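First residue of the sequence shown: 8, per this note's numbering; consecutive thereafter. Just so you know, even glycine gets a beta-carbon here, dropped at the ideal spot from N, CA and C. As the structure is a computational prediction, the values presented were derived from the model and not from experiment. I have placed the structure first, in the form of structure tokens, so that the comments after it can refer back to it.
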Amino acid sequence: MKYCSFCGAPVELRTPAGDNRDRHVCGECRTVHYTNPKVLVGCLVRVGDRVLLCRRAIEPRYGLWTLPAGFLEDHETTIEGAKRETWEEAGARVEIADLYTLFNLPHANQIYVMFLADLVAPEFAPGPESLEVALYEERDIPWGHIAFPVVEQTLRLYFDDRRRGRFGIYTGDIIRLPGPERAFEIRMLADRGMNDAR
Ligand SMILES: [Zn+2]
8 MKYCSFCGAP VELRTPAGDN RDRHVCGECR TVHYTNPKVL VGCLVRVGDR
58 VLLCRRAIEP RYGLWTLPAG FLEDHETTIE GAKRETWEEA GARVEIADLY
108 TLFNLPHANQ IYVMFLADLV APEFAPGPES LEVALYEERD IPWGHIAFPV
158 VEQTLRLYFD DRRRGRFGIY TGDIIRLPGP ERAFEIRMLA DRGMNDAR
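Pasting the structure below:
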């Protein structure tokens, strides 16, 4: 940030009195411009033994497969946002069954909230941000062409749960490792779901 979004004067990076980290502070109107992580919401849509995947028509990760998900909008609940994203990207109307995963991505300042969902009608079609939408069984999932670690981890948890016939609620951190290659470490809060810990 270079200029104040309220008055247009230049901002400076400094630690305000009583604070403990640098903020962009307006030199003119003294407004402190706080930034916070963004929330992304999406759905793992299950159809029998298959799940709904979208192939991305936008950067980043153009051409790779993902679950329908995107940024939560102002004044929207996480469930409303997850259903909206699923409609926009996959042309699918869904009912939310339950919360499924919550992942922190501190390197990207993002929090992903993914829900388990079911189709309201057996219809789906690619929206403007998708090249194609398709249903995949576990053995056919294009594991080498998944767009984001958060999506791969959510899918792996799902198919593991499906095998054991019981669905947990999971949380963890996805940590980007230093270095030029896109390597990540996934740190789950528990080996199995939070449900199992209770
Ligand atoms: Zn200002």
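Among residues of its own chain, excluding the 5 on either side of residue 36, which ones have a beta-carbon nearer than 8 Å to its beta-carbon? As a first step, residue 36 is located in the sequence shown; it is residue number 29 there, counting from the start. Hits under 8 Å: 11, 13, 14, 16.
Measure the Cβ-Cβ separation of residue 24 and residue 50 and say whether it is below 8 Å. Along the sequence shown, read from residue 1 onward, the residue named residue 24 stands at position 17. Along the sequence shown, read from residue 1 onward, the residue named residue 50 stands at position 43. Going by C-beta atoms, residue 24 is not nearer than 8 Å to residue 50.
Just to check my reading of the structure: residue 194 and residue 179 have Cβ atoms closer than 8 Å, yes? What is that Cβ distance to the nearest angstrom? If you number the sequence shown from 1, residue 194 lands on position 187. If you number the sequence shown from 1, residue 179 lands on position 172. With a Cβ gap of about 5 Å, residue 194 and residue 179 count as contacting.
Residue ranges of each beta strand (DSSP E) run of no fewer than 3 residues wholly in the stretch 52-135, ordered along the chain? 57-63, 76-78, 101-112, 117-126
For the candidate residues 62, 91, 33, whose alpha-carbon lies nearest to that of residue 81? Here residue 81 corresponds to residue number 74 of the sequence shown, with the count starting at 1. The shortest Cα separation from residue 81 among 62, 91, 33 belongs to 91.
Among the residues of its own chain, which have a CB less than 7 Å from the CB of residue 204, if the five just before and after it don't count? For the purposes of this step, residue 204 is identified with residue 197 of the sequence shown, where counting begins at 1. Residue placement at residue 204 is flagged as unreliable, the pLDDT there being 43, under the threshold of 50; a coordinate-derived value is accordingly withheld.
The alpha helix (DSSP H) enclosing residue 164, as first and last residue numbers: Along the sequence shown, read from residue 1 onward, the residue named residue 164 stands at position 157. Residues 156-171.
By the 10 Å Cβ neighbour count, where 16 or more other Cβ atoms means buried, how is residue 31 classified, buried or exposed? Position 24 of the sequence shown, counting from 1, holds the residue named residue 31. Its Cβ being crowded by 16 or more others within 10 Å, residue 31 is buried.
Which word fits residue 74, buried or exposed, when buried means at least 16 other C-beta atoms lie within 10 angstroms of its C-beta? Position 67 of the sequence shown, counting from 1, holds the residue named residue 74. So residue 74 ends up on the buried side.
Please find out if some non-hydrogen atom of ligand 1 comes closer than 7 Å to the beta-carbon of residue 35. Counting from one through the sequence shown, the residue named residue 35 turns up at place 28. Result yes, Cβ under 7 Å from ligand 1.
Rank 20, 76, 8 by C-alpha distance to the C-alpha of residue 47 and give the top, closest one. As a first step, residue 47 must be located in the sequence shown, where it is residue number 40. Among 20, 76, 8, the Cα nearest to that of residue 47 belongs to 76.
Per the DSSP calculation, residue 178 is bridged to which residue(s)? Within the sequence shown, residue 178 is the residue found at index 171, counting from 1. According to DSSP, residue 178 bridges with 109.
Helix, strand or coil for residue 28? Go by DSSP, reduced to three states. The residue you call residue 28 lines up with position 21 of the sequence shown. Of the three classes helix, strand and coil, the one that applies to residue 28 here is coil, per DSSP.
What are the boundary residues of the beta strand (DSSP E) that residue 141 is part of? Residue mapping note: residue 141 aligns to position 134 of the sequence shown, counting from 1. Unbroken beta strand (DSSP E) run through residue 141: 137-144.
Does at least one heavy atom of ligand 1 sit under 7 Å from the Cβ of residue 38? Taking the first residue of the sequence shown as 1, we reach residue 38 at position 31. Yes, ligand 1 has a heavy atom inside 7 Å of this Cβ.
With DSSP as the reference, please indicate the residues paired to residue 4 in a beta bridge. Shown here, the chain extends from 8 to 205; a query on residue 4 therefore has no answer.
Measuring CB to CB, does residue 158 end up less than 8 Å from residue 126? On the sequence shown, position 151 is the one that residue 158 refers to. On the sequence shown, position 119 is the one that residue 126 refers to. No. Outside cutoff.
Boundaries (first-last residue) of the beta strand (DSSP E) holding residue 19: Taking the first residue of the sequence shown as 1, we reach residue 19 at position 12. That run of the beta strand (DSSP E) goes 18-21.
Under 8 Å between C-beta atoms of residue 104 and residue 123: Against the sequence shown, residue 104 aligns to sequence position 97. Against the sequence shown, residue 123 aligns to sequence position 116. Yes, Cβ-Cβ distance for residue 104 and residue 123 is below 8 Å.
Around the C-beta of residue 20, are 16 or more other C-beta atoms found within 10 angstroms, so that it is buried, or is it exposed? Position 13 of the sequence shown holds residue 20. Result: exposed.
At a cut-off of 7 Å, would you count residue 61 as near ligand 1, judging by its Cβ distance to the nearest heavy atom? Looking up residue 61 in the sequence shown gives position 54. Outside the cutoff, so no.
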